[in-house]
Amino acid sequence: MKALQYRAVGAAPEVVTVADPEPGPGQVLLKVTAAGVCHSDIAVMSWPADELPFALPLTLGHEGVGTVAALGDGVTDFEAGDSVAVYGPWGCGSCFTCAQGKENYCLRAAELGIRPPGLGAPGAIAEYMIVDSPRHLVPLGDLDPVQAVPLTDAGLTPYHAIKRSLPKLVPGSTTVVIGTGGLGHVAIQLLRAMTATRVVALDVTEEKLQLARAVGAHEAVLSDAAAASAVRDLTNGRGAEVVLDFVGAQPTVTSAGAMAAVEGDITIVGLGGGALPVGFGALPYEVSVCSPYWGSRSELIEVLDLARAGAVEVHVEKYALDESPRAYERLHEGAIQGRAVILP
Ligand code: NAD
Ligand code: ZN
Ligand code: ZN
Numbered sequence: 015m016k017a018l019q020y021r022a023v024g025a026a027p028e029v030v031t032v033a034d035p036e037p038g039p040g041q042v043l044l045k046v047t048a049a050g051v052c053h054s055d056i057a058v059m060s061w062p063a064d065e066l067p068f069a070l071p072l073t074l075g076h077e078g079v080g081t082v083a084a085l086g087d088g089v090t091d092f093e094a095g096d097s098v099a100v101y102g103p104w105g106c107g108s109c110f111t112c113a114q115g116k117e118n119y120c121l122r123a124a125e126l127g128i129r130p131p132g133l134g135a136p137g138a139i140a141e142y143m144i145v146d147s148p149r150h151l152v153p154l155g156d157l158d159p160v161q162a163v164p165l166t167d168a169g170l171t172p173y174h175a176i177k178r179s180l181p182k183l184v185p186g187s188t189t190v191v192i193g194t195g196g197l198g199h200v201a202i203q204l205l206r207a208m209t210a211t212r213v214v215a216l217d218v219t220e221e222k223l224q225l226a227r228a229v230g231a232h233e234a235v236l237s238d239a240a241a242a243s244a245v246r247d248l249t250n251g252r253g254a255e256v257v258l259d260f261v262g263a264q265p266t267v268t269s270a271g272a273m274a275a276v277e278g279d280i281t282i283v284g285l286g287g288g289a290l291p292v293g294f295g296a297l298p299y300e301v302s303v304c305s306p307y308w309g310s311r312s313e314l315i316e317v318l319d320l321a322r323a324g325a326v327e328v329h330v331e332k333y334a335l336d337e338s339p340r341a342y343e344r345l346h347e348g349a350i351q352g353r354a355v356i357l358p
């Protein structure tokens, strides 16, 4: 089968032919119908060899949906042809956090060598993929696979980030979304669907700000050194109760610290490597800073239910598998509006 692989440190990913996978006991083989392209892959491909936590070559793609093609021995939960989404942050399934469905925070994944598809295990940008357990599949029903696939990360990750702050997102509150790309443009829609907060979107180009407005941001502001004072102006000096940073670089986390309200939440989702000082006087009183990773199994079900209710419309750019390297180039250039989706 064809697959998009990251094959050598620093090299661009390429479409290659690999052996057709076969499901082992307890596994499920999917015929991939759609796979999403996430900026985290670009971060991973920038890591030096000694920081890479897995071996190459690696089939990319940690957002995947497909139809069940074959069941390994002992799997009875699904039938051939079922349309399913893959829950990506695989864990052991039985430790304390996995027992709560929070496999994204599995306590034993590192020790057991369990890695998500596309981030260590063979990923979704291929004609077929192996899912290690039916526990990691959510039925899609009649949800459109192209619309649904970004929800497995670009939907689930912001959903989880927003959920921790829900009690603060009352009428009159303000939430700033920094970076209105794949994750950010879904975050704006989730905020509008789940809360009464006013959404202020920040990005670096007018084109991205237009998308932010189109998907429901009340205000859209250029992300520069003046952004924090612009947010203070928009909030009569109060600042934002919640800042969701989907960039996470030093300039954006510094802005986040400067625009947060007293008792606000700053949630750094982006892998940009920035850090915020915490300590008396460093941030407004009682600001809480957190760096979440992906989301839980039950939250993926909730996000898909929201989509079923019509609350989220992902803006997608579609690519054939052979064109998938181009999707990564365009993402790297900042040229994708919304999410790139590969149709193998
Ligand atoms: P993306 O490229 O689709 O979106 C990033 C957006 O940020 C773009 O619109 C870009 O124009 C904008 N941007 C860049 N610099 C900016 C700045 N200084 N100020 C404001 N906006 C700026 O990326 P994505 O796939 O949505 O991923 C967003 C980030 O989240 C990445 O760092 C990714 O690695 C990370 N991520 C984290 C998790 C997690 O679990 N924590 C999960 C998925 C993605
Ligand atoms: Zn991702
Ligand atoms: Zn576990």
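So for the sequence shown, our numbering puts the first residue at 15; every next one is plus one.
Here a beta-carbon is modelled for each residue, glycine too, at the ideal position from N, C-alpha and C.
Note that the structure is a prediction, hence the values are computed from the model and not measured.
Tell me the residue span of the alpha helix (DSSP H) that contains residue i.
i       : result
Ile-176 : 170-177
Glu-300 : Element bounds for Glu-300: n/a, residue is neither H nor E.
Leu-180 : Neither: Leu-180 is in no alpha helix (DSSP H) and is coded neither H nor E.
Tyr-342 : 338-347
Ala-124 : 123-126
Arg-322 : 311-322
Ala-113 : 110-113
When you measure from the CB of residue i to every non-hydrogen atom of ligand 2, does any distance come out below 8 Å?
i       : result
Ser-54  : yes
Asp-167 : yes
Thr-171 : yes
Glu-77  : yes
Work out the CA separation of residue j and residue i for me, nearest whole Å.
i       : j       : result
Tyr-119 : Pro-185 : 32 Å
Val-23  : Leu-126 : 24 Å
Pro-37  : Asp-146 : 8 Å
Thr-194 : Gly-352 : 8 Å
Leu-157 : Val-292 : 43 Å
Gly-251 : Tyr-173 : 28 Å
Phe-260 : His-199 : 10 Å
Arg-122 : Gln-224 : 43 Å
Gly-86  : Ala-175 : 35 Å
Leu-204 : Gly-324 : 11 Å
Leu-180 : Thr-209 : 7 Å
Leu-197 : Asp-167 : 8 Å
Which word fits residue i, buried or exposed, when buried means at least 16 other C-beta atoms lie within 10 angstroms of its C-beta?
i       : result
Lys-332 : exposed
Phe-294 : exposed
Gly-80  : buried
Arg-212 : buried
Pro-62  : exposed
Ser-60  : exposed
Pro-67  : exposed
Gln-41  : buried
Val-276 : exposed
Just verifying my parser: in three-state terms, what is the DSSP assignment at residue i?
i       : result
Val-213 : strand
Thr-268 : helix
Lys-222 : helix
Ser-243 : helix
Ser-54  : helix
Leu-157 : coil
Tyr-101 : coil
Ile-202 : helix
Pro-136 : coil
Glu-255 : strand
Pro-279 : Strictly speaking, residue 279 in this sequence is Asp, with Pro absent from that position. In the structure shown, Asp-279 sits in a strand (DSSP, three-state: E or B).
Pro-131 : strand
Measuring only from the beta carbon, is residue i closer than 8 Å to any heavy atom that is part of ligand 3?
i       : result
Ala-396 : Residue 396 is absent from the structure shown; the chain starts at 15 and stops at 358.
Leu-357 : no
Glu-117 : yes
Gly-127 : no
Ser-310 : no
From what residue to what residue does the beta strand (DSSP E) around residue i run?
i       : result
Leu-236 : 233-236
Tyr-333 : 330-334
Thr-188 : 188-192
Ile-144 : 142-145
Val-30  : 28-31
Ser-166 : The amino acid at residue 166 is misidentified as Ser; the sequence shows Thr. First-last for Thr-166: undefined, no H or E at that position.
Ile-356 : 353-357
Tyr-20  : 16-20
With a threshold of 8 Å (Cβ to nearest heavy atom), would residue i be considered close to ligand 1?
i       : result
Pro-306 : yes
Arg-353 : yes
Phe-260 : yes
Thr-266 : yes
Val-190 : no
Ile-139 : no
Gly-284 : yes
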